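Chain order of the listed sequences is A and B.
Counting in this note's numbering, the first sequence runs without a single skipped number right up to 774 at its last residue.
Counting in this note's numbering, the second sequence runs without a single skipped number right up to 403 at its last residue.
Yeah, the Cβ is synthetic: ideal placement off N, Cα and C, and Gly gets one too.
Here the structure is a predicted model, which means the values were calculated and not measured.
These notes are about the structure you will find just below.
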Amino acid sequence: MQPEVILKMEGICKSFPGVRALHNVDFTLRKGEIHALMGENGAGKSTLIKILTGVYQKDAGQIFLEGRPVHFRSPQDAQNMGIGTVFQEIALCPNLTVAENIFIGRGRERFVHWKTMNAKAEEMLSSLGIPASPTQELGSCSIAVQQMIAIARAVDMDCKILILDEPTSSLDEDEVQKLFALMRELKARGVGIIFITHFIDQVYEISDRITVLRNGELIGEYETTALPQIELISKMMGKALSDVSAMKKHEPRKADDSVPVLEAKALSSAAGVRPFDFSIHKGEVNGFAGLLGSGRSESVRAIFAADKVTGGEVRINGRKVKIKSPLHAMKQGIGYLPEDRKGDGIIDELSVRDNIILALQVLKGFFRPLSRKQAEEFAEQFIERLDIKAPSTNTPIKSLSGGNQQKVILARWLLTHPEYLILDEPTRGIDVGTKVEIQKLVLQLAEAGMSLTFISSEIDEMLRVCSRLIVMKDREIVGELSGTDLTEQDVMQMIAQGGR
Amino acid sequence: MPRLKTRFNALSHLFLPLSVLVILILINLIKGADYFKITVVNGAFYGNIPNILFGASELVILSIGMTFVTAASRGQDISIGESGAISSAIFVQYVLRAGNVTLGTILVGFLISCLAGIIIGAFNGTLVSFFNVQPMVATLILFLGGRSIAFIIDGKVSPILANEISNRIGTVIPGIPIQTPIILTAVFIALVAVVLRTTNLRLYVEAVGINPSAARLNGINPKKIIFLTFLLMGVCAAVAGFIAVNKAGRHDSVNLLKFIMMDAILAVALGGNSLGGGKFSITGSIIGAYTIEMLNRTLLRLEVNPEAIKVFKAVFIIVLMVLASPVVRDFAAQALEKVKSIAAGRAPGHRGALSMTDAPGKKGE
């Protein structure tokens, strides 16, 4: 007998002006299953979810909830029918308490019963194993805990369907396991979970079935155990996988005795990283490996002077310089693609063109604006070179997909022809295809003589790109790894053994 | 084609102020067809339109400054009237003490008052950018205390500017048919256009207003840019004060440019600018400022009871803001879409009705 189907979407179509976001997509979710929704950025995952949660209205198609046709006019509608959603960006109020965040806007009573509310929250937190106190301000919790509280909030609405959109992108391995335990618990209670992620390993670890979308069309629905990883990737990308698997590992340049492009001694910053030494040679790609919060971002931020530098010495091509500000770092030929694309990278309302030329323009100076024609040419050039999918150079960057936004930021720095480029999580939240493109680009740039530092949460990605890994733990460098035959195991071991 | 589209987008930004302008013109034309009539008195143009251009001079200049401050600091400067009153008081004092008034005296006085405006701007700017005080709170200080300072500079009287040059600056220069404040405003707008063209002011201000953190990581110092917009605001206030005091012929520290910040903020909003900062349109603010002046004069022309004028203005603005809100815009867009689809659906039927030979065939199907 077939397991009970809780949600069925049939022939869903949705168009936006000039774009066909979804075409004839079917999707079914069974009771008590974890169903991964996979696809590259722009495949239509978000659109499908937004239709399911009542944010968008479908153009055609039908949705059946437990066999009955339903129509969601608003997110409230969907919530009332038992569809809970936790988005990638946590949509809670950091200045309210944990309990308030769980119950806000939910009570049918007119007045808040603080005591009952806190007691109920306490109960829920402990039953789900979330390490937080109900009266604590949400902002004081770690991102992972905030994420779990968001799930607790969604679950509390007696939900039958829980949608998790990239819930793990800011969690470390330990936290991911806690989240998975929570998901398994909910699954056992009969909740159908739709899980969206870019981490393919996680899909195989936890999901029962996989639905793949590409370019707004349904590619297929598979049992997870019956679909090898490599096939999944090729289905998502829509091309044979030879391209990905054949990507040759970067031949590490042998450490020459030449003067490093950049050398730092006992560098420290106000963000609280222990004084560290660092150097990079021409054409080298190295990386900071470590768990989230290990200090890898803080280290590169110290090099770029994104945080206030509190001590240490920096030499660029042997010349001693004191880098005081990001502008100063840029003038020394350093570029920095920040970890938080939305908060620190894009200027969301500005056009793709303005976003591309920004850093170059700032380097040229306040009184030397590029002509419109020049700016247009630069933008066009990079849109073509990096294959950025944008309707025009005038389009606001916020309307591009995450991967394309990231390419725009890359273009911004490439346009300044940096000698040394820092890429902090350039592939986070980005589809597989773009990921591979960015990795290839990094190797090409190094080939052409640029020095790069590449940081990623995915160690296999770093192994593929970097010739030398600087391993960090608890805001301190615990060791260095290099060589062609490194495995994830080596890195893990160093993290596990190193430090303290 | 894409070029046409971008043009259209730029225009859609100005849809609100322009449509209000058109509505006001229509109302005025209904009231009397001679609305656009321009007469020549003593060799200068007079009439409704010149009056609006003349009357709005200070407001236009202040709206430009307000646009920059709003875009970068995501807040408003409410001390602009007071800052104009102080800088113009200094101008008046300089001119009165100079004895023999020449064009040079006026010019030096003007430059000194601009310097005063810049100092006031630096004061506000320091509070906002370096001490992170909210713009409205920071500028509240001078809003409350500014007129007292001007009053003291004035020597607790309201000094009279009885010289021919001031009179000409405030009204009209013989031989030139356009009133001087209109010309000064036009020159000022042109200067701002040149600054926007030859510097990265727009890019920097917009970047800082939209995402200060990203701006900083791209080498822009948000604090400096916000500070700079307040300096610009100071200059705008000084120029507006200069025009206002020359128009009035005397320095009335209590009433000079009183409550003009309200209209300036409104002009910025009317111009399609977000009061939350970010992308801005100077053209929009300028049209907004002229629109407000036209609205004031239209209400006068319609002989609205002077006590009720503020109520009318308020109602007009509420209606306007509701109509321009994204909610109504989306609704209108949807309605338009529906009308279009209905029209498209009926189109074949229409053809059938028009061509007689077709009709029987259709019935047969």
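Please list the partners that residue 153 of chain B has in chain A, where partner means a Cβ-to-Cβ separation under 7 Å.
The residue you call residue 153 of chain B lines up with position 115 of the second sequence. What residue 153 of chain B touches in chain A: nothing, since even the nearest Cβ is about 22 Å away.
Here's the rule I'm using: 16 or more other beta-carbon atoms within 10 Å means buried, otherwise exposed. How should residue 371 of chain B be labelled?
Counting from one through the second sequence, the residue named residue 371 of chain B turns up at place 333. Its Cβ having fewer than 16 others within 10 Å, residue 371 of chain B is exposed.
Pull up the CB-CB distance for residue 307 of chain B and residue 313 of chain B, whole angstroms please, since I reckon it's below 8 Å.
Here residue 307 of chain B is taken as the residue at index 269 of the second sequence, counted from 1. Here residue 313 of chain B is taken as the residue at index 275 of the second sequence, counted from 1. Right, the Cβ-Cβ distance comes to about 6 Å (below 8 Å), so this counts as a contact.
Other residues of its chain near residue 401 of chain B: CB distance less than 8 Å, five sequence neighbours each side excluded:
Working through the second sequence from its first residue, we reach residue 401 of chain B at position 363. Low confidence applies here, because residue 401 of chain B scores a pLDDT of 37, under 50, leaving its location unreliable and the question unanswered by this model.
Just to confirm the assignment, what range does the beta strand (DSSP E) spanning residue 359 of chain A have?
Here residue 359 of chain A is taken as the residue at index 85 of the first sequence, counted from 1. Run containing residue 359 of chain A: 357-360, per the beta strand (DSSP E) assignment.
State yes or no: is the C-beta of residue 621 of chain A within less than 7 Å of the C-beta of residue 252 of chain B?
What you label residue 621 of chain A is simply residue 347 of the first sequence in a count that begins at 1. What you label residue 252 of chain B is simply residue 214 of the second sequence in a count that begins at 1. In contact: residue 621 of chain A and residue 252 of chain B (Cβ atoms closer than 7 Å).
Quick one: does residue 623 of chain A have its CB under 7 Å from some CB of chain B?
On the first sequence, position 349 is the one that residue 623 of chain A refers to. Chain B, which has a Cβ nearer than 7 Å to the Cβ of residue 623 of chain A, makes this yes.
Using a C-beta to C-beta distance shorter than 7 Å, which residues of chain B count as neighbours of residue 635 of chain A?
Residue numbering aside, residue 635 of chain A sits at position 361 when the first sequence is read from its first letter. Within 7 Å Cβ-Cβ: 238, 241.
Return the Cβ separation of residue 696 of chain A and residue 678 of chain A in integer angstroms, given the expectation that the two are a contact with Cβ distance under 8 Å.
The count along the first sequence starts at 1 and reaches residue 696 of chain A at position 422. The count along the first sequence starts at 1 and reaches residue 678 of chain A at position 404. With a Cβ gap of about 21 Å, residue 696 of chain A and residue 678 of chain A do not count as contacting.
Considering only residues of the region 674-713 of chain A, which uninterrupted beta strand (DSSP E) runs meet the minimum length of 3 residues and lie entirely inside it, listed in chain order?
694-698
For residue 75 of chain B, three-class secondary structure by DSSP
The residue you call residue 75 of chain B lines up with position 37 of the second sequence. Residue 75 of chain B falls in the coil class under three-state DSSP.
With distance defined between alpha-carbon atoms, name the residue in A:306, A:393, A:404, A:479 nearest to residue 278 of chain A.
One-based indexing of the first sequence puts residue 278 of chain A at position 4. When each option's Cα is compared against that of residue 278 of chain A, the closest is A:306.
Can you pull out the residues from the region 241-270 of chain B whose beta carbon lies closer than 8 Å to at least one beta carbon of chain A?
241, 242, 244, 245, 248, 249, 251, 252, 253, 254, 255, 256, 257, 258, 259
Status (buried if at least 16 other CB within 10 Å, exposed otherwise) for residue 537 of chain A
Mapped onto the first sequence, residue 537 of chain A falls at position 263. Burial call: buried.
Residues near residue 515 of chain A by beta carbon distance below 7 Å, same chain, minus five either side
In the first sequence, residue 515 of chain A corresponds to position 241, counting from 1. Any reading at residue 515 of chain A needs caution, since the residue's pLDDT is 49, under 50, leaving its predicted position unreliable; the model's value is listed next. Counting only Cβ-Cβ distances below 7 Å, and skipping sequence neighbours, we find 504, 507, 508.
Would a C-beta distance cut-off of 7 Å place residue 745 of chain A and residue 752 of chain A closer than the cut-off?
Stepping through the first sequence from its first residue, residue 745 of chain A is reached at position 471. Stepping through the first sequence from its first residue, residue 752 of chain A is reached at position 478. Going by C-beta atoms, residue 745 of chain A is nearer than 7 Å to residue 752 of chain A.
Quick one: which unbroken alpha helix (DSSP H) runs of 4-plus residues sit fully inside the region 425-504 of chain A? Chain order, please.
447-462, 474-480
Can you tell me which of A:337, A:321, A:413 puts its alpha carbon nearest to the alpha carbon of residue 330 of chain A?
Taking the first sequence and counting its residues from 1, the one referred to as residue 330 of chain A is at position 56. Residue A:321 is the option with its Cα nearest to residue 330 of chain A.
State the beta-bridge partners of residue 336 of chain A as determined by DSSP.
Position 62 of the first sequence holds residue 336 of chain A. Residue 336 of chain A is bridged to A:284.
What residue from B:70, B:150, B:136, B:109 has the CA that sits closest to residue 275 of chain B's CA?
Translated into the one-based positions of the second sequence, residue 275 of chain B becomes position 237. The residue with the shortest Cα to Cα distance from residue 275 of chain B is B:150.
Between the alpha carbons of residue 173 of chain B and residue 161 of chain B, how many angstroms are there, rounded?
Here residue 173 of chain B corresponds to residue number 135 of the second sequence, with the count starting at 1. Here residue 161 of chain B corresponds to residue number 123 of the second sequence, with the count starting at 1. Each residue's alpha carbon lies about 11 Å from the other.
Return no unless some Cβ of chain A is closer than 7 Å to the Cβ of residue 317 of chain B.
Here residue 317 of chain B refers to the residue found at position 279 of the second sequence. Yes, its Cβ sits closer than 7 Å to a Cβ of chain A.
Where does residue 604 of chain A land, buried or exposed, given buried means 16+ other C-beta within 10 angstroms?
Here residue 604 of chain A refers to the residue found at position 330 when the first sequence is read from its first residue. Its Cβ being crowded by 16 or more others within 10 Å, residue 604 of chain A is buried.
Could you tell me the boundaries of the beta strand (DSSP E) in which residue 727 of chain A lies?
Locating residue 727 of chain A in the first sequence gives position 453, where the first residue counts as 1. Here the beta strand (DSSP E) through residue 727 of chain A covers 725-729.
Which class does residue 297 of chain B belong to by DSSP, given the choice of helix, strand or coil?
If you number the second sequence from 1, residue 297 of chain B lands on position 259. Coil, per DSSP.
If we ignore side chains and look at the alpha-carbon of each, how far apart do residue 479 of chain A and residue 309 of chain A end up?
Against the first sequence, residue 479 of chain A aligns to sequence position 205. Against the first sequence, residue 309 of chain A aligns to sequence position 35. Answer to the nearest angstrom: the Cα atoms are 12 Å apart.
Near residue 461 of chain A, what residues of its chain come up, given a Cβ to Cβ distance below 8 Å and the 5 sequence neighbours on each side ignored?
Within the first sequence, residue 461 of chain A is the residue found at index 187, counting from 1. Answer for residue 461 of chain A: 306, 307, 308, 467, listed in chain order.
Any beta carbon of chain B sitting closer than 7 Å to that of residue 441 of chain A?
Along the first sequence, read from residue 1 onward, the residue named residue 441 of chain A stands at position 167. Output row for residue 441 of chain A: interface = no.
For residue 289 of chain A, which residues of its own chain have a beta-carbon under 7 Å away from its beta-carbon, when the five flanking residues on both sides are left out?
Position 15 of the first sequence holds residue 289 of chain A. Taken in chain order, the residues that qualify are 295, 333.
In whole angstroms, give me the CA-to-CA distance for residue 561 of chain A and residue 766 of chain A.
Reading the first sequence from its first residue, position 287 is the one you call residue 561 of chain A. Reading the first sequence from its first residue, position 492 is the one you call residue 766 of chain A. About 15 Å.
Under 7 Å by beta carbon: chain B residues contacting residue 580 of chain A:
Translated into positions along the first sequence, residue 580 of chain A becomes position 306. In chain order: 255.
Evaluate the contact criterion for the region 187-195 of chain B versus the region 244-262 of chain B: three or more CB pairs, one atom per stretch, below 8 Å.
no
In the DSSP assignment, find the beta strand (DSSP E) that holds residue 277 of chain A and state where it starts and stops.
Here residue 277 of chain A refers to the residue found at position 3 when the first sequence is read from its first residue. No beta strand (DSSP E) holds residue 277 of chain A; DSSP gives it neither H nor E.
Rounded to whole angstroms, what's the CA-CA distance from residue 218 of chain A to residue 369 of chain A? Just pull it up for me.
Since the first residue shown for chain A is 275 and the last is 774, residue 218 of chain A is missing from the structure and cannot be characterised.
Comparing C-alpha positions only, which one of B:361, B:338, B:328 sits nearest to residue 87 of chain B?
For this step, residue 87 of chain B is matched to residue 49 along the second sequence. Ranking B:361, B:338, B:328 by Cα distance to residue 87 of chain B puts B:328 first.
Determine the burial state of residue 398 of chain A: buried for a count of at least 16 other Cβ atoms within 10 Å of its Cβ, exposed for fewer.
Residue mapping note: residue 398 of chain A aligns to position 124 of the first sequence, counting from 1. Under this definition residue 398 of chain A is a buried residue.
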